[in-house]
């Protein structure tokens, strides 16, 4: 009887040991895989159990290198500005800058814009800080921006005032070539840690312009007059050294004002050149064509006065490639009829 009791005890003990072992095995199978850890001095991802020998991540898992802050950029005034960290709050003091911020996907950082920043439409919900030349400095201070970005028409005294207050100011503009726009976009890509997005935008612009150029290459260029201002206040156009004149050339047009500098033009020169095509801002065709001053021009008589969204040309930015295409469609309608 004693031997029987001892045998039962041994069997019970064995059963308990087997049960505990099984529970431990089940728990190990359901454990969560250790969370990957990224080392501070390397881009290599390892786990606590991984070998100390670093291994390169598969190609499809690699990402573009991020911008390392602090970063120093040089603006269009040749001023070096150092950003200690990625800006989280930015104020735009120009419509073209605002458009580029949205194109880069950094609109969540935009806390202020000018009254003239109207594209894209959702920018209307962002607080305005006034005009380009005379922004409300007190409002800018209240918004506590990490950086203020301006372009053309930005007053030097306002820039100095903001700088003296310790606010970082970056001025980006291009007077002559569309290639300068690429640099502006790339600079902003660096500022906002959006280098991949900037590269994609620039590549898209280059491809679009190259396609337009290829379609008009070798064709006889029409003489073109781009109307910036007209009437009693004087005649203004894009002189040969202006950014817009470069866009006209890319579109396959021959700018009649290519021999002058700046924006001022004379009525006598316009009448003498008598261009094939006249391009005016949207909504101005009727006023220009009906004015006694211009009604005898060949382009007016032949119905070759065309309207265009001038923001595609006047604003140095992402939509300039679209502007080149729009001009080319005006100059060579037969080429683009089925494109």
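Numbering (my numbering), first residue to last: 29 to 367. Positions of the beta carbon are idealized from the N, C-alpha and C atoms, including for glycine. Note that the structure is predicted; figures quoted are calculated from it, not measured.
query: Host alpha helix (DSSP H) of residue 206 (start-end); result: Neither: residue 206 is in no alpha helix (DSSP H) and is coded neither H nor E.
query: Residue 288 versus 263, 310, 110 and 311, residue with shortest Cα-Cα distance; result: 263
query: Local conformation of residue 345 per DSSP, three classes; result: coil
query: Beta-carbon contacts of residue 163 that lie in its chain and below 6 Å, excluding the five residues immediately before and after; result: 121 and 157
query: Euclidean distance between Cα positions of residue 209 and residue 139; result: 23 Å
query: The alpha helix (DSSP H) enclosing residue 274, as first and last residue numbers; result: 271-278
query: Delimiting residues of the alpha helix (DSSP H) encompassing residue 326; result: 326-329
query: DSSP three-state assignment for residue 295, whether helix, strand or coil; result: helix
query: Same chain, Cβ closer than 7 Å to residue 298, five either side skipped, listed in chain order; result: 253 and 263
query: Neighbourhood of residue 100 by C-beta distance below 8 Å, restricted to the same chain and skipping five residues each side; result: 108, 109, 110 and 111
query: According to DSSP, residues forming a beta bridge with residue 180; result: Its beta-bridge partners do not exist; DSSP assigns none.
query: Three-state secondary structure assigned by DSSP to residue 334; result: strand
query: Where the beta strand (DSSP E) containing residue 108 begins and where it ends; result: 108-111
query: Residues near residue 196 in its chain [Cβ-Cβ closer than 6 Å; skip 5 each side]; result: 109 and 175
query: Supposed contact pair residue 199 and residue 214 - C-beta distance, whole angstroms, cut 8 Å; result: Going by Cβ atoms, the distance from residue 214 to residue 199 rounds to 16 Å, so no, they are not a contact pair.
query: Whole-angstrom distance between residue 203 and residue 322, CA atom to CA atom; result: 29 Å
query: DSSP beta-bridge partners of residue 143; result: In the DSSP output, where bridge partners are listed per residue, residue 143 has none listed.
query: Nearest-angstrom beta carbon gap, residue 267 and residue 285 [assumed within contact, 8 Å]; result: 5 Å
query: DSSP three-state assignment for residue 160, whether helix, strand or coil; result: coil
query: Beta-carbon contacts of residue 226 that lie in its chain and below 8 Å, excluding the five residues immediately before and after; result: 132, 213, 214, 216, 217 and 218
query: Close beta carbons around residue 310, own chain, < 6 Å, minus the five adjacent residues each side; result: 335 and 337
query: Nonlocal neighbours in the same chain, by C-beta distance under 6 Å from residue 147, ignoring five residues either side; result: 127
query: Start-to-end residues for the beta strand (DSSP E) that takes in residue 100; result: 99-102
query: Proximity of residue 255 and residue 206 at Cβ, strictly below 9 Å; result: no
query: Whole runs of the beta strand (DSSP E) within the stretch 189-275, excluding any shorter than 3 residues; result: 197-199 and 251-254
query: Whole-number beta carbon distance between residue 359 and residue 305, since they are thought to touch under 8 Å; result: 6 Å
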